[in-house]
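So the structure is just underneath, and the comments pick up after that.
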DNA sequence: CATTTAGTTCAATTAAAAATGAACATATTA
DNA sequence: TAATATGTTCATTTTTAATTGAACTAAATG
């Protein structure tokens, strides 16, 4: 351990963990850099500041700042106060429940809401129409059903994920 | 109704439905064209062939073919036989349970599996290390816990989504 | 068995998303 | 209050992903 890949600044173990979270980020439609940052913080022994992360990952200040902002936005990282240092230090939030909940509220919920808006517009369009086929009505009803179900399932999923902590 | 936007080939209602599914596609990390295709089929009165869709959406043959392939891959559309026509006709699968299940198996499961591979590699790396801190052990254990939970939650989510049909 | 029709594939192009880095804002301290 | 330190913003560049369209395979038709 402690032997860093001189090019990447990451140990073999760190690299693997980062790679894992880069994959997760991709799955969740988040920028690669967000996965990298969370990965480093997840496996870090100590809290780290923007520059620590930027240097370790060899990415730009802008990416680092934006990535940390995204991670903060859904509570995947926490800012910790370090006495005698004006820099912001970060550590990874380790409660899956909290992260999932934050993600659901910040990244999923808005989509569901705008979906609801659009569905209402679809219903309005349907009302304006004359001579609407039964099929068409049935399809729009199905859409309403799906929308409703999505809204019901999300909180249940959070309950499942948040099992213990 | 039946008044098509001459430029897009879609009625106002169709446009809204397509836009809705384009958003869903984006949320699920699928190409825009996949959302467009499913949207048109979802609201269509009759089954449609590749060329019907290509013309209606004004997209290329290649995109249409690839998009339909993706939709078939997780069972979001079905191929229907039309007597006296050699073309393949498609209609939207309307069972959310089936679509979600197909999506989970084809698009999510592989990620979970490769995640497991990577986790095993991380565990191996940890074993090779001497002088591993308690923190580090704890973090990798947490990772195992998350992985396990993801594998447990996925089938439960499918149960929830597939409520009635 | 040549021709047409349907659909796929994939190299090249285009479009979208992310990363960069310089300019900027804000807070600190000497 | 000048100089420094920290972090943000955003126009530009770079990278990645999606789309295109021509070449292709395969099947049906005449």
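Residue numbers (our numbering), protein chains in the order written: chain A, 1 to 165; chain B, 1001 to 1165.
For every residue, glycine included, the Cβ atom is placed at its ideal position computed from N, Cα and C.
Partner residues on chain A for residue i, Cβ-Cβ distance less than 8 Å
i, result
"residue 1043(B)", "136 and 139"
Min CB distance residue i to chain A below 8 Å
i, result
"residue 1027(B)", "yes"
"residue 1007(B)", "Below a pLDDT of 50, predicted positions are generally treated as unreliable, and residue 1007(B), at 48, falls in that range; no measurement from the model is reported."
"residue 1163(B)", "yes"
"residue 1157(B)", "yes"
"residue 1054(B)", "no"
"residue 1125(B)", "yes"
"residue 1013(B)", "yes"
"residue 1037(B)", "no"
"residue 1178(B)", "Residue 1178(B) lies beyond the stretch modelled for chain B, which goes from 1001 to 1165, so this question has no answer here."
"residue 1010(B)", "no"
Within-8 Å CB hit, residue i to chain B
i, result
"residue 94(A)", "yes"
"residue 115(A)", "yes"
"residue 32(A)", "no"
"residue 120(A)", "no"
"residue 133(A)", "yes"
"residue 16(A)", "yes"
Interface residues of chain A facing residue i [CB-CB closer than 7 Å]
i, result
"residue 1019(B)", "118"
Residue i classed as buried or exposed, judged by whether at least 16 other C-beta atoms fall within 10 angstroms
i, result
"residue 1036(B)", "buried"
"residue 1038(B)", "buried"
"residue 1062(B)", "exposed"
"residue 1064(B)", "buried"
"residue 1045(B)", "exposed"
"residue 18(A)", "buried"
"residue 138(A)", "exposed"
"residue 1071(B)", "buried"
Quiz item: Can you list, in chain order, the stretches of the alpha helix (DSSP H) that have 4 or more residues and sit fully within the stretch 112-142 of chain A?
Solution: none
Quiz item: Can you list, in chain order, the stretches of the beta strand (DSSP E) that have 3 or more residues and sit fully within the stretch 9-87 of chain A?
Solution: 77-80
Quiz prompt | Proximal residues, the stretch 1142-1155 of chain B versus chain A, C-beta separation under 7 Å | solution = 1142, 1146, 1149 and 1153
Self-check item: Interfacial residues, the stretch 96-111 of chain A to chain B, with Cβ spacing under 7 Å
Solution: 96 and 111
Exercise. Compile a chain-ordered list of the residues in the stretch 1071-1093 of chain B whose CB is closer than 9 Å to at least one CB of chain A.
Key: Those would be 1092, in chain order.
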